[in-house]
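Chemist: Once you've had a glance at the structure underneath, I'll fire off some questions.
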């Protein structure tokens, strides 16, 4: 199977089978997710929170995104790879945004970038696409604008959201994430644009869904958003395995004869 491309991803708009997207930030996790069969893997600036332990995504740098994306890029052979452009690249002039996105593609081997914003970022999206860089847009709750939006709140301004989605699509985005938007508004956006919509906290009517891998695996500590569904309890497994290893070491039961060299 050859790797999914951005045009192939776009062609799945309206398909009966929904698109599946997950995040990954390292080689091993990306390899396992890719082998399991997803349509796209997002190297998200969410790594600032779930990997680095920050309170937001704002502190993530371009170099850090490249560091993690390069690992994922080497692991993935099937899924489309998408790398977040970190704050404040979505507010750069178009030349600087192209330079940053080009660095990502050249240094990581990944295929596309994701840029938060809609109408206000349409010129940047258009410039990136014109430069040969596939762009996934991101509308609704935009974590990089958390302070401007007044926190991590559901976005309900349907007119503004539709304008953002249409502008991003017309600028040449091949797909878009819709985050934390009421289901009916997300349904309207999905019907209004000719590119796939990927929901996170946006109801069942988007063309696909994305979640953070730590949430899916049950590794998230503290607050878990209501839109998350965990499919495993890996966090508990890690703690149990660590405790069992520590018990065996302290009790002199590890290593045993079969785990030592003669």
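Residue numbers (our numbering): 960 to 1221. Virtual Cβ for every residue (Gly too), placed ideally from N, Cα, C.
When the Cα atoms are used, what is the spatial distance from residue 1154 to residue 1083?
Modeler: Numbered from its first residue, the chain shown carries residue 1154 at position 195. Numbered from its first residue, the chain shown carries residue 1083 at position 124. Their Cα atoms are separated by approximately 18 Å.
Chemist: Looking only at its chain, what residues have a beta carbon closer than 7 Å to the beta carbon of residue 1121, apart from the 5 residues adjacent to it on each side?
Modeler: Counted from its first residue, the chain shown places residue 1121 at position 162. Hits under 7 Å: 1147, 1148 and 1151.
Chemist: Is residue 1060 buried or exposed, if buried means 16 or more other CB atoms sit within 10 Å of its CB?
Modeler: In the chain shown, counting from the first residue as 1, residue 1060 sits at position 101. Answer is buried; the Cβ neighbour count reaches 16.
Chemist: Is the separation between the beta-carbon of residue 978 and that of residue 1167 shorter than 8 Å?
Modeler: On the chain shown, position 19 is the one that residue 978 refers to. On the chain shown, position 208 is the one that residue 1167 refers to. The answer is yes: Cβ separation under 8 Å.
Chemist: Measure the C-alpha to C-alpha separation of residue 1115 and residue 1137 and round it to an integer number of angstroms.
Modeler: Taking the first residue of the chain shown as position 1, residue 1115 is located at position 156. Taking the first residue of the chain shown as position 1, residue 1137 is located at position 178. Roughly 12 Å separates the two Cα atoms.
Chemist: Residues in its own chain within less than 6 Å of residue 1019 by CB, not counting five upstream and five downstream?
Modeler: Translated into positions along the chain shown, residue 1019 becomes position 60. Cβ within range, chain order: 1004, 1007 and 1045.
Chemist: Output yes or no for whether 8 Å exceeds the beta carbon distance between residue 1024 and residue 1042.
Modeler: Mapped onto the chain shown, residue 1024 falls at position 65. Mapped onto the chain shown, residue 1042 falls at position 83. In contact: residue 1024 and residue 1042 (Cβ atoms closer than 8 Å).
Chemist: Decide if the stretch 1073 to 1092 is in contact with the stretch 986 to 1000; the criterion is three or more beta carbon pairs, one per stretch, under 8 Å apart.
Modeler: The stretch 1073 to 1092 vs the stretch 986 to 1000: no contact.
Chemist: May I ask you to list the residues that DSSP assigns as paired with residue 1071?
Modeler: Position 112 of the chain shown, counting from 1, holds the residue named residue 1071. In DSSP, residue 1071 forms a bridge with 1041.
Chemist: On a CA-only basis, which of 1095, 1111, 1017 and 1178 is nearest residue 1123? Give me that one, please.
Modeler: Taking the first residue of the chain shown as 1, we reach residue 1123 at position 164. Residue 1123 has its Cα closest to that of 1095, out of 1095, 1111, 1017 and 1178.
Chemist: Roughly how many angstroms lie between the CA atoms of residue 1139 and residue 1214, to the nearest whole one?
Modeler: In the chain shown, residue 1139 corresponds to position 180, counting from 1. In the chain shown, residue 1214 corresponds to position 255, counting from 1. C-alpha separation (whole angstroms): 49 Å.
Chemist: Whose C-beta lies closer than 8 Å to the C-beta of residue 1033 among residues of the same chain, with five residues either side of it excluded?
Modeler: Translated into the one-based positions of the chain shown, residue 1033 becomes position 74. Excluding sequence neighbours, residue 1033 sits near 986 and 1068.
Chemist: Around the C-beta of residue 1144, are 16 or more other C-beta atoms found within 10 angstroms, so that it is buried, or is it exposed?
Modeler: Translated into the one-based positions of the chain shown, residue 1144 becomes position 185. The residue in question, residue 1144, is buried, as its Cβ has 16 or more Cβ neighbours within 10 Å.
Chemist: Beta strand (DSSP E) containing residue 1092: first to last residue?
Modeler: The count along the chain shown starts at 1 and reaches residue 1092 at position 133. Segment: none, residue 1092 is in no beta strand (DSSP E) and carries neither H nor E.
Chemist: Using CA atoms only, rank isn't needed, just tell me which of 1202, 1181 and 967 is closest to residue 1070.
Modeler: Residue 1070 sits at position 111 when you count from the first residue of the chain shown. The residue with the shortest Cα to Cα distance from residue 1070 is 967.
Chemist: What residue from 984, 1097 and 1203 has the CA that sits closest to residue 1131's CA?
Modeler: Here residue 1131 refers to the residue found at position 172 of the chain shown. Answer by Cα proximity: 1097.
Chemist: Can you check which of these residues, 1085, 1088, 1089 and 1077, is closest to residue 1101 by C-alpha distance?
Modeler: Indexing the chain shown from 1 puts residue 1101 at position 142. The residue with the shortest Cα to Cα distance from residue 1101 is 1077.
Chemist: Do residue 1053 and residue 1171 come within 8 Å of each other at the CB atom, strictly closer than that value?
Modeler: Residue mapping note: residue 1171 aligns to position 212 of the chain shown, counting from 1. Residue mapping note: residue 1053 aligns to position 94 of the chain shown, counting from 1. Cβ atoms of residue 1171 and residue 1053: not closer than 8 Å.
Chemist: Would you decide whether residue 1202 is buried or exposed? Buried here means 16 or more other CB atoms lie within 10 Å of its CB.
Modeler: As a first step, residue 1202 is located in the chain shown; it is residue number 243 there, counting from the start. Residue 1202 is exposed by the Cβ-count criterion.
Chemist: Closer than 6 Å by C-beta to residue 1177: which residues in its own chain qualify, once you throw out the five before and the five after it? Chain order, please.
Modeler: Residue mapping note: residue 1177 aligns to position 218 of the chain shown, counting from 1. Taken in chain order, the residues that qualify are 1189, 1191, 1192, 1193 and 1194.
Chemist: Under the assumption that residue 1086 contacts residue 1057 (Cβ atoms under 8 Å), give the Cβ distance between them as a whole number of angstroms.
Modeler: Taking the first residue of the chain shown as position 1, residue 1086 is located at position 127. Taking the first residue of the chain shown as position 1, residue 1057 is located at position 98. Rounded, the Cβ-Cβ distance is 6 Å, consistent with contact.
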